[in-house]
Amino acid sequence: MGPLLILIILAVVLVAWAIMKYNGLVTLRNQVANGWKQIDVQLKRRHDLIPNLVNTIKGAMEFEQETLQKVIAARGAAVSATGVADAAAKEGALAGALGKLFALAESYPALTSNENVKQLQEELASTENKIGFARQFYNDITTKFNIAQQVFPGNIIAGIFGFRPSELFEIKDAGERDVPQVDLTLRK
Amino acid sequence: MSATPANIFEQQSANRRKTVIVMVAFALFVGFLGFGFDVFLLGYSPGGRSLFGFPIATIAALILGGVSAYAGLESGARSVLASSGALPASAEDPRYRQLHNIVEEMAIASGLPKPQVYVIPDPDPNAFATGKDPDHACIAVTQGLLDSLNREELQGVIAHEMGHVRNYDIRLMTVIAALIGAVMLLVEFGSRSLRFGAGGRRNSSERSGGGGGVILLVFWVIGLILAPFVSQLLAMAVSRQREFLADASGAELTRNPGALASALQKIDEAVEPTRSIKKGTAHLCIANPLGSSLDDKEGFFAELFSTHPPIRRRIMILKGMSYQHA
């Protein structure tokens with residue numbers, strides 16, 4: 033009677049532990065998916081803002097057609113990106129093109145004093161920040177999810193139920209790391 | 012969700028637990044007042060005969076205390092906002108567009124829903140967060156804060172407030188704010204009824220058994236006198252620890268501790284007290300709204316009577332963090 037009881041208790045504890053681990057992994061997986069959706073929302077917002085911006089400033093910046101074209105092309109590429117890594121690379125390129133555009137716009141007084149442009153610039157700067165923070169959150173939660181799958185003994189549960197590590201949203205190209213910063217001191 | 016997840020969960024449950032303790036302590040305190048009312052005014056004594064035969068005021072007070080503690084939790088945020096004259100800031104208003112953007116950025120960074128945004132028409136820079144939980148959170152900033160800080164500094168301040176939201180500090184702080192107000196009212200009421208009942212006291216202390224009655228009365232009076240003092244000290248002690256933690260959480264969200272340090276510097280330089288913010292809600296704010304003279308002093312006693320740690324020390328710690336990042 034004694035040994036049987038101990039075995040039953042052990043089995044119950046083991047099953048309870050497995051259920052807990054499994055539920056923890058499912059929660060994390062959903063948080064990762066939700067984190068990615070957050071990034072996606074902000075990326076879409078950026079895509080929507082860019083045509084507005086281009087239309088507002090193209091009159092004043094007729095000598096910078098090439099830069100404008102680059103932004104439009106980068107946006108087109110980013111819109112059609114598929115998957116985390118692809119999106120990360122193309123969005124990085126878009127952020128670079130936008131940064132360059134803003135840097136150039138600084139030398140056009142007609143633009144820097146235009147309320148409309150200022151508003152758009154604040155919206156884009158904020159969207160840029162939101163993308164950054166959403167990415168920070170996504171990467172943190174994804175790292176947590178991946179670690180939970182890899183450490184012992186969680187990896188047993190992850191293996192049995194076929195959990196797979198998620199991709200981090202990384203900027204791969206070293207050249208894109210030094211994206212020119214959008215000027216944030218517009219309020220003054 | 013970031014560097015120290017375990018700590019955050021511990022922090023959250025500690026704050027939830029402390030909120031319950033504060034609420035229960037408040038209900039007991041109100042019951043204690045009611046008990047005094049029973050003994051000295053209605054002539055109740057345990058086992059003895061009295062007007063109603065059972066401690067009616069004690070029971071009524073316990074119920075009242077419990078209900079108002081719960082009300083403090085549910086509607087504390089609204090009364091804190093109302094008492095500081097905070098007005099909801101519209102996201103459509105171009106003046107508050109940037110503030111809304113920043114709040115949304117910080118909500119994204121912390122993975123929480125976006126809190127409601129309020130602006131207090133006061134020229135002194137200050138800010139606070141309040142609410143029952145992260146799903147019902149409000150962040151209020153003064154007009155002075157919007158006017159004197161640049162975008163990055165404002166982001167640092169909002170990140171600090173978001174730290175309070177995420178750690179459930181807002182729940183504990185809001186309940187304390189609501190109950191400090193209630194304690195003040197009750198003490199006022201209690202000391203009045205004491206004066207009113209002074210004539211009948213001799214009578215009732217005879218009934219409640221001489222010496223024991225006097226000792227009870229002394230305890231009751233001391234309790235009455237100390238209650239506002241103790242509740243303020245409690246608010247201060249709770250608040251001081253929270254500020255360092257919220258600074259750290261804020262830095263963790265923006266990864267830019269330098270901006271918060273320079274925001275605190277500017278807030279510190281504005282020596283004017285924030286007039287809109289009343290004494291009972293001081294512990295909610297990012298910097299002591301009652302003027303910064305006390306917060307500049309270090310040392311045990313200065314700190315015991317201050318709702319906030321010395322602002323210079325906070326700036327120093329934040330600057331230390333930004334050197335580590337660089």
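Protein chains in written order, with our numbering: chain A, 33 to 220; chain B, 12 to 337. We put the beta carbon where it would ideally sit given N, CA and C, even for glycine. Computed from a predicted structure; not experimentally measured.
Are the beta-carbon atoms of residue i and residue j separated by less than 8 angstroms?
i, j, result
"L183 of chain B", "V249 of chain B", "yes"
"R253 of chain B", "D133 of chain B", "no"
"F201 of chain A", "N171 of chain A", "yes"
"A270 of chain B", "E172 of chain B", "no"
"V91 of chain B", "I150 of chain B", "no"
"G42 of chain B", "T69 of chain B", "yes"
"A138 of chain B", "G261 of chain B", "no"
"R61 of chain A", "I82 of chain A", "no"
"P99 of chain B", "A281 of chain B", "no"
"A50 of chain A", "I179 of chain A", "no"
"S198 of chain A", "F165 of chain A", "no"
"A88 of chain B", "G142 of chain B", "yes"
"I119 of chain B", "K162 of chain A", "yes"
"I322 of chain B", "D279 of chain B", "yes"
"A109 of chain A", "Y140 of chain A", "no"
"K330 of chain B", "A293 of chain B", "no"
"A274 of chain B", "L160 of chain B", "yes"
"P66 of chain B", "F46 of chain B", "yes"
"V128 of chain B", "H147 of chain B", "no"
"G83 of chain B", "A193 of chain B", "yes"
"K122 of chain A", "T99 of chain A", "no"
"S24 of chain B", "I131 of chain B", "no"
"G76 of chain B", "F48 of chain B", "no"
"Q74 of chain A", "I173 of chain A", "no"
In angstroms with no decimal places, state the Cα-to-Cα distance between residue i and residue j.
i, j, result
"R177 of chain B", "T185 of chain B", "14 angstroms"
"N66 of chain A", "E154 of chain A", "26 angstroms"
"M247 of chain B", "C296 of chain B", "11 angstroms"
"N299 of chain B", "L157 of chain B", "18 angstroms"
"S202 of chain B", "L235 of chain B", "7 angstroms"
"S145 of chain A", "A157 of chain A", "17 angstroms"
"W68 of chain A", "L143 of chain A", "34 angstroms"
"G220 of chain B", "F51 of chain B", "Residue placement at G220 of chain B is poorly supported in this model, since its pLDDT is 48, which falls under 50; the coordinates are not used for a value here."
"D72 of chain A", "E160 of chain A", "12 angstroms"
"G56 of chain A", "P185 of chain A", "13 angstroms"
"L152 of chain A", "L85 of chain A", "7 angstroms"
"E217 of chain B", "V229 of chain B", "With a pLDDT of only 45 at E217 of chain B, under the threshold of 50, the placement of this residue in the model should not be trusted, and no figure is reported."
"M332 of chain B", "H319 of chain B", "20 angstroms"
"F20 of chain B", "N26 of chain B", "10 angstroms"
"Q97 of chain A", "V103 of chain A", "10 angstroms"
"N87 of chain A", "L126 of chain A", "17 angstroms"
"V31 of chain B", "L136 of chain A", "57 angstroms"
"L42 of chain A", "P35 of chain A", "10 angstroms"
"L264 of chain B", "S121 of chain B", "7 angstroms"
"K90 of chain A", "A105 of chain A", "15 angstroms"
"Q243 of chain B", "K29 of chain B", "16 angstroms"
"R105 of chain B", "E199 of chain B", "The question names Arg, but residue 105 of chain B is Pro in the sequence shown. Looking at the two C-alpha atoms, the distance is approximately 46 angstroms."
"Q109 of chain B", "M34 of chain B", "38 angstroms"
Name, please, each residue of chain A whose Cβ falls closer than 9 angstroms to the Cβ of residue i.
i, result
"N112 of chain B", "E154, E155, A157, S158, T159, N161, K162"
Report the three-state DSSP secondary structure of residue i (helix, strand or coil).
i, result
"T59 of chain A", "helix"
"L98 of chain B", "strand"
"T175 of chain A", "helix"
"T141 of chain B", "strand"
"A151 of chain B", "strand"
"V31 of chain B", "helix"
"V269 of chain A", "Residue numbering for chain A in the displayed model covers 33 to 220; residue 269 of chain A lies beyond these limits and cannot be assessed."
"I326 of chain B", "helix"
"I297 of chain B", "coil"
"I288 of chain B", "coil"
"G220 of chain B", "Because the pLDDT of G220 of chain B is 48, which lies under 50, any placement of that residue in the model is unreliable, and the number read from its coordinates should be weighed accordingly. In this structure, G220 of chain B counts as coil in the three-state DSSP scheme."
"R266 of chain B", "coil"
"E202 of chain A", "coil"
"P35 of chain A", "helix"
Going along chain A in order, which residues have a C-beta closer than 7 angstroms to the C-beta of residue i?
i, result
"E115 of chain B", "K162"
Starting from the beta carbon of residue i, find every residue of chain B whose beta carbon is closer than 7 angstroms, and list them in chain order.
i, result
"A166 of chain A", "I119"
"Q70 of chain A", "I119"
"F169 of chain A", "M12, I119, A120, G122"
Please confirm whether any heavy atom of the ligand FMN lies closer than 7 angstroms to the CB of residue i.
i, result
"N26 of chain B", "You won't find the ligand FMN in this model; it holds no ligand whatsoever."
Can you pull the chain B residues whose beta carbon is under 9 angstroms from the beta carbon of residue i, in chain order?
i, result
"Q151 of chain A", "P105, R108"
For this session: For the segment 154-188 of chain B, list the alpha helix (DSSP H) runs that are entirely contained and at least 4 residues long, ordered along the chain.
Result: With a minimum length of 4 residues, the continuous alpha helix (DSSP H) runs that stay inside the segment 154-188 of chain B are 154-159, 162-177.
Exercise. What are the complete alpha helix (DSSP H) segments, minimum 4 residues, inside the segment 107-141 of chain A?
Worked result: Positions of the alpha helix (DSSP H) runs, each at least 4 residues long and wholly inside the segment 107-141 of chain A, are given as 116-137 in order along the chain.
For this session: Return the chain-ordered ranges of every beta strand (DSSP E) run that is complete within the segment 74-134 of chain B and spans a minimum of 3 residues.
Result: Entirely contained in the segment 74-134 of chain B, the beta strand (DSSP E) runs reaching 3 residues are, in chain order, 127-131.
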